[in-house]
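In what follows, a single structure is set out as structure tokens and then discussed.
In the UniProt record's numbering, the protein residues as written are 1 to 381.
Here's what the structure looks like:
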């Protein structure tokens, strides 16, 4: 019997949406400790590490005090960007969300302070960072980091407008729309009815999830009229335009679906997850963008976890679909009738419940009949 798909109804994390913007303040005489200093890295106001809940122990506090006493002073005003990593998804839900005050414009001349070992050329090679900052009126040459501890005269610290797996502010949506808006000139929103599937076939090792038999899924989707798109082959601007112009976008769950927030509101999304529990970042993005999103997992998925994936440059999780053809059929049929998805899911859930009840009743009936035979004929098997 072909494997079916089921709606993801459980969420890993919380999904709170805040209407008010996060806090923002101007801090003075902060100590910047670079990432090269290991566990001590961070931005300190007195003996308190900004945006970290855990207090310093006595030994760490002494080390920070010693660093402050010997650090040179830098007389400039910075806007704190946070920890810059070279992964698109982590950057979007982390560092980027501190830039919400720049959504209204006026970013020109702003110096962006960040933590990270990357130099400017490495950051330029990321592909997504330069166009994002450009839309806000800031260039890569505005980025600043230090390789030794320094005291900073003034730092604007904006709290994150997106808290991973926890909460988001409307200010985050405004930020992402401000970034994507210049790239949508001439795009007809929902102008392309043919659905597109975002493939992870080119996703490099070191990423989180790898669908081992995705090629089989892709082949079946293409056969059913779905365009297959590889995000790694498109720049960020093209990805944003695709989300705006396609009436329906399909994909494996992950950061490729986060691009929706930079495009138009009310996107139609069909996501395939590796298990029944959905990462809360996805419904947070959907709530901000008012998406019509539906997420599924397949019956009978097998997976192998590798906790040493980073060191081994492997994938954290390798998983496989038992029947990619039936999963592709279920997704393609839903993409062709997005308005009817809720009713279809309800019918299939009722059918599964009815089948389970019938099997349970049948088993109970067989057990009762066997018990009656034993009562009437104690010697019967």
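Beta carbons: idealized from backbone N, C-alpha and C, even for Gly.
Distance between beta carbons of residue j and residue i, contact taken as under 8 Å
i           : j           : result
residue 267 : residue 232 : About 21 Å; that fails the 8 Å criterion.
residue 320 : residue 213 : 5 Å
residue 324 : residue 227 : Their Cβ separation, rounded to whole angstroms, is 18 Å, which puts residue 324 and residue 227 out of contact at 8 Å.
residue 288 : residue 168 : 6 Å
residue 309 : residue 149 : That belief does not hold up - the Cβ atoms of residue 309 and residue 149 are roughly 33 Å apart, past 8 Å.
residue 97  : residue 162 : 4 Å
residue 129 : residue 123 : 5 Å
residue 252 : residue 211 : 6 Å
residue 225 : residue 342 : Residue 225 to residue 342, Cβ: 22 Å. No contact.
residue 74  : residue 185 : Not really, about 39 Å apart at Cβ, beyond 8 Å.
residue 261 : residue 271 : So it is not a contact: roughly 15 Å between Cβ atoms.
residue 43  : residue 30  : 6 Å
residue 301 : residue 274 : 6 Å
residue 196 : residue 151 : With a Cβ gap of about 50 Å, residue 196 and residue 151 do not count as contacting.
residue 61  : residue 47  : 5 Å
residue 5   : residue 298 : 5 Å
residue 354 : residue 263 : Contact flag wrong, Cβ pair sits at about 40 Å.
Through-space distance from residue j to residue i, alpha-carbon basis
i           : j           : result
residue 80  : residue 13  : 26 Å
residue 358 : residue 24  : At residue 358, the pLDDT of 49 sits below 50, so the modelled position is not reliable; the number obtained from the coordinates is stated separately. Whole-angstrom Cα-Cα distance: 59 Å.
residue 296 : residue 240 : 23 Å
residue 18  : residue 172 : 10 Å
residue 132 : residue 278 : 27 Å
residue 317 : residue 16  : 28 Å
residue 7   : residue 189 : 27 Å
residue 182 : residue 145 : 28 Å
residue 9   : residue 276 : 7 Å
residue 375 : residue 349 : Because residue 375 sits at a pLDDT of 45, beneath the cut-off of 50, its placement in the model cannot be relied upon, and the following sentence gives the value as read from the coordinates. Residue 375 and residue 349: Cα-Cα distance of roughly 39 Å.
residue 178 : residue 187 : 16 Å
residue 126 : residue 143 : 14 Å
residue 50  : residue 265 : 33 Å
residue 94  : residue 101 : 15 Å
residue 208 : residue 305 : 10 Å
residue 115 : residue 84  : 6 Å
residue 361 : residue 326 : Confidence is the limiting factor: at residue 361 the pLDDT is only 47, short of 50, which leaves the residue's position unreliable, though a coordinate-based value still follows. If you take the alpha carbons of residue 361 and residue 326, they lie about 29 Å apart.
residue 35  : residue 71  : 15 Å
residue 117 : residue 41  : 11 Å
residue 112 : residue 340 : 47 Å
residue 269 : residue 220 : 19 Å
residue 104 : residue 347 : 46 Å
residue 238 : residue 249 : 14 Å
residue 77  : residue 108 : 13 Å
residue 99  : residue 334 : 37 Å
residue 88  : residue 21  : 23 Å
residue 193 : residue 315 : 34 Å
residue 82  : residue 156 : 11 Å
Residues bridged to residue i [DSSP beta-bridge criterion]
i           : result
residue 32  : 43, 150
residue 293 : 269
residue 276 : Answer is none; residue 276 lacks a bridge partner.
residue 317 : 209, 305
residue 5   : 298
residue 353 : Beta-bridge pairing links residue 353 to no other residue.
residue 25  : 157
residue 347 : In DSSP, residue 347 forms no bridge with anything.
residue 77  : 154
residue 334 : Residue 334 is not bridged to any residue.
Reduced DSSP category for residue i - H, G, I as helix; E, B as strand; rest coil
i           : result
residue 303 : strand
residue 111 : coil
residue 64  : helix
residue 375 : With a pLDDT of only 45 at residue 375, under 50, the local geometry of the prediction cannot be trusted, and the value read off the model is given with reservation. Helix, per DSSP.
residue 329 : helix
residue 121 : helix
residue 282 : helix
residue 87  : coil
residue 17  : strand
residue 82  : strand
residue 417 : Since the displayed the chain opens at 1 and closes at 381, residue 417 lies outside it and no answer follows.
residue 96  : helix
residue 56  : coil
residue 136 : coil
residue 71  : coil
residue 102 : helix
residue 126 : coil
residue 358 : Note that residue 358 scores 49 on pLDDT, short of 50, meaning its location in the model is unreliable and no value can be drawn from it.
residue 11  : strand
Enumerate, from N- to C-terminal direction, the unbroken alpha helix (DSSP H) stretches of 4 or more residues contained entirely within the region 138 to 205.
Those alpha helix (DSSP H) runs which fall completely within the region 138 to 205 and span 4+ residues are 170 to 180.
Any chance you could list the beta strand (DSSP E) runs of at least 3 consecutive residues sitting entirely within the region 206 to 271, in chain order?
209 to 211, 227 to 229, 249 to 252
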